[in-house]
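Participant: From first to last, the protein sequence lines are chains A and B. Those letters in the first sequence? Residues 1 to 366, by the numbering used here. Those letters in the second sequence? Residues 1001 to 1366, by the numbering used here. Glycine included, each C-beta is placed from N, C-alpha and C at the ideal position. Fair warning: this is a prediction, and the values are worked out from it, not measured in the lab. Below: one structure in structure tokens.
There are 2 protein chains.
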Amino acid sequence: MHFADALPLQSGKVIRDYNLAFETYGTLNADRSNAVLVCHALNASHHVAGEYEGQPKSEGWWDNMIGPGKPVDTNTFFVIGVNNLGSCFGSTGPMHLNPDTGEVYGADFPVVTVEDWVTAQARLLERLGIATLAAVLGGSLGGMQALSWTLQYPDRVRHAVVVASAPNLNAENIAFNEVARRAIVTDPDFHGGHFYRHGVVPKRGLRIARMIGHITYLSDDVMNAKFGRQLREGLALKYSTQDVEFQIESYLRYQGDKFSDYFDANTYLLITRALDYFDPARAHAGDLSQALAKARANFLLVSFSTDWRFSPRRSREIVKALLDNRRDVSYAEIDAPHGHDAFLLDDARYMNLIRSYFESKVARFG
Amino acid sequence: MHFADALPLQSGKVIRDYNLAFETYGTLNADRSNAVLVCHALNASHHVAGEYEGQPKSEGWWDNMIGPGKPVDTNTFFVIGVNNLGSCFGSTGPMHLNPDTGEVYGADFPVVTVEDWVTAQARLLERLGIATLAAVLGGSLGGMQALSWTLQYPDRVRHAVVVASAPNLNAENIAFNEVARRAIVTDPDFHGGHFYRHGVVPKRGLRIARMIGHITYLSDDVMNAKFGRQLREGLALKYSTQDVEFQIESYLRYQGDKFSDYFDANTYLLITRALDYFDPARAHAGDLSQALAKARANFLLVSFSTDWRFSPRRSREIVKALLDNRRDVSYAEIDAPHGHDAFLLDDARYMNLIRSYFESKVARFG
Chain A
1 MHFADALPLQ SGKVIRDYNL AFETYGTLNA DRSNAVLVCH ALNASHHVAG
51 EYEGQPKSEG WWDNMIGPGK PVDTNTFFVI GVNNLGSCFG STGPMHLNPD
101 TGEVYGADFP VVTVEDWVTA QARLLERLGI ATLAAVLGGS LGGMQALSWT
151 LQYPDRVRHA VVVASAPNLN AENIAFNEVA RRAIVTDPDF HGGHFYRHGV
201 VPKRGLRIAR MIGHITYLSD DVMNAKFGRQ LREGLALKYS TQDVEFQIES
251 YLRYQGDKFS DYFDANTYLL ITRALDYFDP ARAHAGDLSQ ALAKARANFL
301 LVSFSTDWRF SPRRSREIVK ALLDNRRDVS YAEIDAPHGH DAFLLDDARY
351 MNLIRSYFES KVARFG
Chain B
1001 MHFADALPLQ SGKVIRDYNL AFETYGTLNA DRSNAVLVCH ALNASHHVAG
1051 EYEGQPKSEG WWDNMIGPGK PVDTNTFFVI GVNNLGSCFG STGPMHLNPD
1101 TGEVYGADFP VVTVEDWVTA QARLLERLGI ATLAAVLGGS LGGMQALSWT
1151 LQYPDRVRHA VVVASAPNLN AENIAFNEVA RRAIVTDPDF HGGHFYRHGV
1201 VPKRGLRIAR MIGHITYLSD DVMNAKFGRQ LREGLALKYS TQDVEFQIES
1251 YLRYQGDKFS DYFDANTYLL ITRALDYFDP ARAHAGDLSQ ALAKARANFL
1301 LVSFSTDWRF SPRRSREIVK ALLDNRRDVS YAEIDAPHGH DAFLLDDARY
1351 MNLIRSYFES KVARFG
């Protein structure tokens, strides 16, 4: 969908003449009360569920969660997935033309925040004629957007489902983001963010960024179970510093290569920065309870025991701040071995929890 | 000290005509029974204690631990620090001439292992006329060397003090090493490890490697306490993806820059690979108790509660395997907030523990 009007951003800049890519699943009911917005995290998109016709293996990134008969049941709900501004899967981003200059944005694409994405999503919903969301749902950075919805548009969200998220990033998380960004920015093929003009891609940096991401989204336990100290080839050591010796090295290199083939480097910078900046308590001198006083929605928070980037402790901070404000909050801490990635995976307890929340609470329309 | 004779390495290669840089502190006693060898970790050297005359701020890396009247008291002990082969602080390494070719080694420097370092250290001690060590002491990778001493030369070590170490690296640790190595190897200035010939240094890669190291050597708690989400400049956000916004970013960039000015890229590869390869249980189908059956020394093991790269769990594996062999083992798990770095820091309980072990156990000579 095209938006001609300027969208004012938190940075003070504006963006105009932009597109938002989105998909919908299910049917909007007569009183338009069954809409569920799904917000995506770092490298996902508006393609939340289902397969594209004739394209096997094109399942949406949350296809286990969303669809007919699934925990978020599209026989009941009208689900909307939106690709965020600045991303690289269809919505306007750094690889598109800046209408003010006629040149590709590149590094000049404005910095976008979680709040900006939510504002853009709200405009899209207005166009779709949806005044109120039955629920907004997201994991990780998507969870931050869900939380922000309840603060920016408190009267337009009935339920917020915030999975594996945090009220802000701690220093260690910012640090990992910063290393990834430095790897990209210092890649000679980055050209200050204007690599498109040079017909190159800063793949070295993207690979390193993705490898760091992969390590930190997994738990120590799952890495040991999956790879341990297993060698890639047979039993004999090669004694090499540059060749692959252990399976884990091979896996990481493969993931890095794959990512560098499709992900935009400027998008990576923008999205990690949005993560860094999100901090609703900042305007309240760090008092999260005060920051969340505006929220009117009912909440479900979910965290995973081995998630060390968005640990249960961080979800509990949100829960406490909501309880301080006497909000209706359900909270589940799921004992799963998969680290941060758990929010994308099939775990029967997790799936049943989301299903029962949507069936018993969100589906009470009107 | 120069060694003309070829040293056979685990890889099957040999290294000859090499130098080992070392320092000693205190006085070797008449029956040569008070020698303590200190093994270093990733970016340290033979300069363990004391200051160089006329060079302020040149304290050794373990100066809080070793010296006259200190926990390892050089009024009692004769302490030896050795720079490992392949390092970049005086011993023969990748930046030196390969006697076989007359060219700088670069990437052709042979892969060296913990076991190779121990063999080289043992040769040095023979030259110094020291048949038996009162103790071998090391933290992290240095602790691996201390442990390996008790297996390679069981009758030549009376005590082994193994601090913040592990019986091998787990998958996550190998993964972090691999990302750091890829950052170096894919830096266009690396030139396959022969950057010396090109008059350049792969500083981009070294910076990234060091930033990753710094994050993982600290604990989440200490990073939050030290930096949190503090902005570098005032209170206003800059909304930039490339400028420094948070203090933690500034700190990491500074540490990366500093490191890239003095550390050798090939050494980084070699030393992280030595970490990856160390695994005494490997030849025993993973049975650490069987692997440690050879050890005859008495042991002190120390770990730190917030060290997530060399966690207490890993030290306890060593303790258990030693107890299975009915070795004399003392073990302390110190509740310190500083993560892996704690082994280098002043903590009264830690310092007193090492002091009392050396006073009451190691100092019983003869």
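How would you list, in chain order, the residues of chain A whose beta-carbon sits under 8 Å from the beta-carbon of Ala1285 of chain B?
Facilitator: Position 285 of the second sequence, counting from 1, holds the residue named residue 1285 of chain B. Going along chain A, no residue has its Cβ under 8 Å from Ala1285 of chain B, so there is no contact; the nearest lies around 11 Å.
Participant: Looking at C-alpha atoms only, which residue of B:Leu1141, B:Arg1229, B:Leu1085, B:Leu1042 is the closest neighbour of Asp1017 of chain B?
Facilitator: In the second sequence, residue 1017 of chain B corresponds to position 17, counting from 1. Nearest of B:Leu1141, B:Arg1229, B:Leu1085, B:Leu1042 to Asp1017 of chain B, Cα basis: B:Leu1085.
Participant: With DSSP as the reference, label Glu23 of chain A as helix, strand or coil.
Facilitator: Within the first sequence, the letter at position 23 stands for residue 23 of chain A. In the structure shown, Glu23 of chain A sits in a strand (DSSP, three-state: E or B).
Participant: Rounded to whole angstroms, how far is the Cβ of Phe299 of chain A from the Cβ of Ala164 of chain A, which I believe are closer than 8 Å?
Facilitator: One-based indexing of the first sequence puts residue 299 of chain A at position 299. One-based indexing of the first sequence puts residue 164 of chain A at position 164. Between Ala164 of chain A and Phe299 of chain A the Cβ distance is about 14 Å, and since that is not below 8 Å, they are no contact.
Participant: Spell out whether any CB of chain A is found under 8 Å from the CB atom of Ser1011 of chain B.
Facilitator: Along the second sequence, one-based indexing puts residue 1011 of chain B at 11. True, the Cβ-Cβ gap to chain A drops below 8 Å.
Participant: For Glu1178 of chain B, would you say it is in contact with chain A, using Cβ-to-Cβ distances shorter than 8 Å as the test?
Facilitator: Along the second sequence, read from residue 1 onward, the residue named residue 1178 of chain B stands at position 178. Cβ-Cβ to chain A under 8 Å: yes for Glu1178 of chain B.
Participant: Check for me: the alpha helix (DSSP H) holding Gln1103 of chain B runs from which residue to which?
Facilitator: Translated into positions along the second sequence, residue 1103 of chain B becomes position 103. The sequence given here has Glu at residue 1103 of chain B, not Gln. No alpha helix (DSSP H) contains Glu1103 of chain B, which DSSP labels as neither H nor E.
Participant: Just the C-alpha distance for Val1201 of chain B and Leu1124 of chain B, rounded to the nearest angstrom, thanks.
Facilitator: Position 201 of the second sequence, counted from the start, is the residue given in the question as residue 1201 of chain B. Position 124 of the second sequence, counted from the start, is the residue given in the question as residue 1124 of chain B. When rounded, the distance between both Cα atoms is 32 Å.
Participant: Taking a Cβ distance cut-off of 9 Å, strictly less, list which residues of the stretch 236-262 of chain A are near chain B, in chain order.
Facilitator: Listed by position along the chain: Leu237, Lys238, Tyr239, Ser240, Thr241, Gln242, Val244, Glu245, Phe246, Gln247, Ile248, Glu249, Tyr251, Leu252, Arg253, Gly256.
Participant: Measuring only the C-alpha atoms, how far is His1002 of chain B from Tyr105 of chain A?
Facilitator: Position 2 of the second sequence, counting from 1, holds the residue named residue 1002 of chain B. Position 105 of the first sequence, counting from 1, holds the residue named residue 105 of chain A. Distance between the alpha carbons of His1002 of chain B and Tyr105 of chain A: 59 Å.
Participant: Please confirm whether Glu1172 of chain B has its beta-carbon closer than 8 Å to some beta-carbon of chain A.
Facilitator: Within the second sequence, residue 1172 of chain B is the residue found at index 172, counting from 1. Closer than 8 Å: yes.
Participant: Return the CA-CA distance between Gly26 of chain A and His40 of chain A, expressed in angstroms with no decimal places.
Facilitator: Counting from 1 along the first sequence, the entry for residue 26 of chain A is found at position 26. Counting from 1 along the first sequence, the entry for residue 40 of chain A is found at position 40. Rounded to whole angstroms, Gly26 of chain A to His40 of chain A spans 19 Å at the Cα level.
Participant: Are the Cβ atoms of Leu1028 of chain B and Ala1021 of chain B separated by less than 8 Å?
Facilitator: Looking up residue 1028 of chain B in the second sequence gives position 28. Looking up residue 1021 of chain B in the second sequence gives position 21. No, these two residues do not count as a Cβ contact at 8 Å.
Participant: From this set, B:Phe1246, B:Gln1152, B:Ala1274, B:Leu1237, which residue's C-alpha is nearest Asn1177 of chain B's C-alpha?
Facilitator: Numbered from 1 along the second sequence, position 177 holds the residue referred to as residue 1177 of chain B. For the residues B:Phe1246, B:Gln1152, B:Ala1274, B:Leu1237, the minimum Cα distance to Asn1177 of chain B belongs to B:Ala1274.
Participant: Considering only their Cβ atoms, is the gap separating Trp117 of chain A from Val136 of chain A smaller than 8 Å?
Facilitator: Counting from one through the first sequence, the residue named residue 136 of chain A turns up at place 136. Counting from one through the first sequence, the residue named residue 117 of chain A turns up at place 117. Taking 8 Å as the Cβ cut-off, Val136 of chain A and Trp117 of chain A do not qualify as a contacting pair.
Participant: Looking at the strands, I want to know which residues DSSP matches up with Glu1333 of chain B.
Facilitator: Taking the second sequence and counting its residues from 1, the one referred to as residue 1333 of chain B is at position 333. Glu1333 of chain B pairs with B:Ser1303.
Participant: Report the neighbours of Asn168 of chain A on chain B: residues whose CB is nearer than 9 Å to its CB, in chain order.
Facilitator: By one-based count along the first sequence, residue 168 of chain A stands at place 168. Ordered by position in chain B, the residues that pass the 9 Å Cβ test against Asn168 of chain A are Arg1229.
Participant: Please go through the same chain and pick out, in chain order, the residues whose beta-carbon is closer than 7 Å to the beta-carbon of Glu23 of chain A, but skip the five residues on each side of it.
Facilitator: Here residue 23 of chain A refers to the residue found at position 23 when the first sequence is read from its first residue. Cβ neighbours of Glu23 of chain A beyond the five flanking positions: His46, His47, Val48, Gly81.
Participant: For Met223 of chain A, return the contacting residues in chain B, with the cut-off set at a CB-CB distance below 8 Å.
Facilitator: Within the first sequence, residue 223 of chain A is the residue found at index 223, counting from 1. Within 8 Å Cβ-Cβ: Asn1170, Ala1171, Glu1172, Ala1175.
Participant: Out of A:Thr92, A:Val38, A:Ser87, state which residue places its alpha-carbon closest to the alpha-carbon of Ile66 of chain A.
Facilitator: Position 66 of the first sequence, counted from the start, is the residue given in the question as residue 66 of chain A. Closest option to Ile66 of chain A, Cα to Cα, is A:Val38.
Participant: Thr1241 of chain B to Leu270 of chain A, Cα distance in whole Å?
Facilitator: The residue labelled residue 1241 of chain B in the question sits at position 241 within the second sequence. The residue labelled residue 270 of chain A in the question sits at position 270 within the first sequence. About 6 Å.
Participant: Could you check where the beta strand (DSSP E) with His159 of chain A kicks off and where it finishes?
Facilitator: Within the first sequence, residue 159 of chain A is the residue found at index 159, counting from 1. That run of the beta strand (DSSP E) goes 157-163.
Participant: How long is the line joining the alpha carbons of Ser315 of chain A and Gly1339 of chain B, rounded to whole angstroms?
Facilitator: On the first sequence, residue 315 of chain A is found 315 positions in, with the first residue counted as 1. On the second sequence, residue 1339 of chain B is found 339 positions in, with the first residue counted as 1. C-alpha separation (whole angstroms): 23 Å.
Participant: If we define contact as Cβ-Cβ less than 8 Å, is Tyr331 of chain A a contact residue for chain B?
Facilitator: What you label residue 331 of chain A is simply residue 331 of the first sequence in a count that begins at 1. It does not; no Cβ of chain B falls within 8 Å.
Participant: Indicate whether Leu1353 of chain B and Ala1336 of chain B have their beta-carbon atoms separated by less than 8 Å.
Facilitator: For the purposes of this step, residue 1353 of chain B is taken as the residue at position 353 of the second sequence. For the purposes of this step, residue 1336 of chain B is taken as the residue at position 336 of the second sequence. No, they are not a contact pair.
Participant: When the distance is taken between beta carbons, is Thr272 of chain A closer than 8 Å to Cys88 of chain A?
Facilitator: Numbered from its first residue, the first sequence carries residue 88 of chain A at position 88. Numbered from its first residue, the first sequence carries residue 272 of chain A at position 272. The answer is no: Cβ separation not under 8 Å.
Participant: Considering just the uninterrupted stretch of the beta strand (DSSP E) at Ala1236 of chain B, what are its terminal residues?
Facilitator: Numbered from 1 along the second sequence, position 236 holds the residue referred to as residue 1236 of chain B. Element bounds for Ala1236 of chain B: n/a, residue is neither H nor E.
Participant: DSSP state of Gly1138 of chain B, grouped into three classes?
Facilitator: Here residue 1138 of chain B is taken as the residue at index 138 of the second sequence, counted from 1. Strand.
Participant: For Asp1073 of chain B and Val1157 of chain B, what's the separation of their Cα atoms in angstroms?
Facilitator: Counted from its first residue, the second sequence places residue 1073 of chain B at position 73. Counted from its first residue, the second sequence places residue 1157 of chain B at position 157. Whole-angstrom Cα-Cα distance: 18 Å.
Participant: To the nearest angstrom, how far is it from the Cα of Glu1115 of chain B to the Cα of Leu141 of chain A?
Facilitator: As a position in the second sequence, residue 1115 of chain B is number 115, starting the count at 1. As a position in the first sequence, residue 141 of chain A is number 141, starting the count at 1. Glu1115 of chain B and Leu141 of chain A: Cα-Cα distance of roughly 45 Å.
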